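In our numbering, the protein residues as written are 237 to 470.
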């Protein structure tokens, strides 16, 4: 009987991220890209790695229904299992499920107080106690400094690490002399990590913009469009 999850490798190790850095309470990470370039796949792979390390991941979707998010997890896990030659992946999947909870919000109904209220309901009812959070679909078009500051306080209070997706646009280049694109550039100081996905769905390059080893000495890293997994070109 399998009673422990497999050791899924840290997908961000090639970018210089250590487990200690990524599992620091109050940590904010963001993956930014245009629509359809792999942000959700990136977040799901990071979440599955965190779960394999004993974390309990709360995935908050502001754009997709629960079934679609669950399908992302299944597809990415199957590809990870095939890549790592994991034995009995069905049993492993059942072992991982209790450590993941999917929550949906309407974009216009999302706020830090509402998130804390729903999260505390889960905790007090003994349903789920998260320590790793994904927020997928939050719009960075409007000013988020105050909500993000409140969320960072909440993350530190509850010992959470939080990853976000941030949508960018062709017409929103970085300010002069900057490397971090809009709209996340204006709140970049609140984040410990920012990763950028570039290209189209058939050729997605992964670039580190903040955190880890920084922008120097990066390997040629990409998302494989056939599996949606992070990989390093040899």
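Note that beta-carbon positions come from the ideal geometry of N, C-alpha and C, so glycine has one too. The structure presented is a predicted model; accordingly, all values stated were derived computationally and were not measured.
Original post:
With a cut-off of 8 Å, do at least 3 Cβ pairs link the region 426 to 436 to the region 259 to 275?
Top reply: yes
Subject >> Cβ shell of residue 255 (< 8 Å), same chain only, five flanking positions each side left out >> reply: 246 and 289
Original post:
What's the C-alpha gap between residue 423 and residue 383?
Top reply: 11 Å
**OP:** Report yes if the C-beta distance between residue 291 and residue 364 is below 8 Å; otherwise report no.
**Re:** no
Subject >> Pair within 8 Å by beta-carbon distance, residue 526 and residue 287 >> reply: For the chain, the structure presents residues 237 to 470; residue 526 sits outside this window and is missing.
Original post:
In the structure shown, what three-state DSSP assignment does residue 378 receive?
Top reply: coil
Subject >> As assigned by DSSP and simplified to three states, the class of residue 305 >> reply: helix
Original post:
In terms of alpha-carbon separation, which member of 249, 273, 342 and 253 lies closest to residue 459?
Top reply: 273
**OP:** Give me whichever residues DSSP pairs with residue 362 in a beta bridge.
**Re:** Residue 362 is not bridged to any residue.
Subject >> Delimiting residues of the alpha helix (DSSP H) encompassing residue 329 >> reply: 325 to 332
**OP:** On a CA-only basis, which of 436, 305 and 322 is nearest residue 371? Give me that one, please.
**Re:** 305
Original post:
Is the region 301 to 317 touching the region 346 to 361 in the sense that three or more CB pairs, one from each, lie closer than 8 Å?
Top reply: no
Original post:
Among 400, 252 and 441, which residue has its Cα nearest to the Cα of residue 387?
Top reply: 400
**OP:** Could you pull out every residue in the same chain whose Cβ sits closer than 8 Å to the Cβ of residue 439, ignoring the five residues on either side in sequence?
**Re:** 458 and 461
Original post:
Near residue 381, what residues of its chain come up, given a Cβ to Cβ distance below 6 Å and the 5 sequence neighbours on each side ignored?
Top reply: 423
Original post:
Under 8 Å between the Cβ atoms of residue 281 and residue 445?
Top reply: no
Subject >> With 16 other Cβ atoms within 10 Å as the buried cut-off, status of residue 276 >> reply: buried
Subject >> residue 287, enclosing beta strand (DSSP E) - first and last residue >> reply: No beta strand (DSSP E) holds residue 287; the alpha helix (DSSP H) holding it covers 275 to 288.
**OP:** Sort out for me which residues DSSP pairs residue 431 with in a bridge.
**Re:** 267 and 444
Subject >> Same chain, Cβ closer than 6 Å to residue 296, neighbours up to 5 away in sequence not counted >> reply: 339 and 371
Original post:
What number of angstroms, rounded off, separates the C-alpha of residue 467 from the C-alpha of residue 404?
Top reply: 22 Å
**OP:** Would you kindly check if the distance between the Cβ of residue 402 and the Cβ of residue 420 is under 8 Å?
**Re:** yes
Original post:
Just checking my contact of residue 258 with residue 449 at CB under 8 Å: how many whole Å lie between their CB atoms?
Top reply: Going by Cβ atoms, the distance from residue 258 to residue 449 rounds to 13 Å, so no, they are not a contact pair.
Original post:
Does the distance from the CB of residue 396 to the CB of residue 346 come in under 8 Å?
Top reply: no
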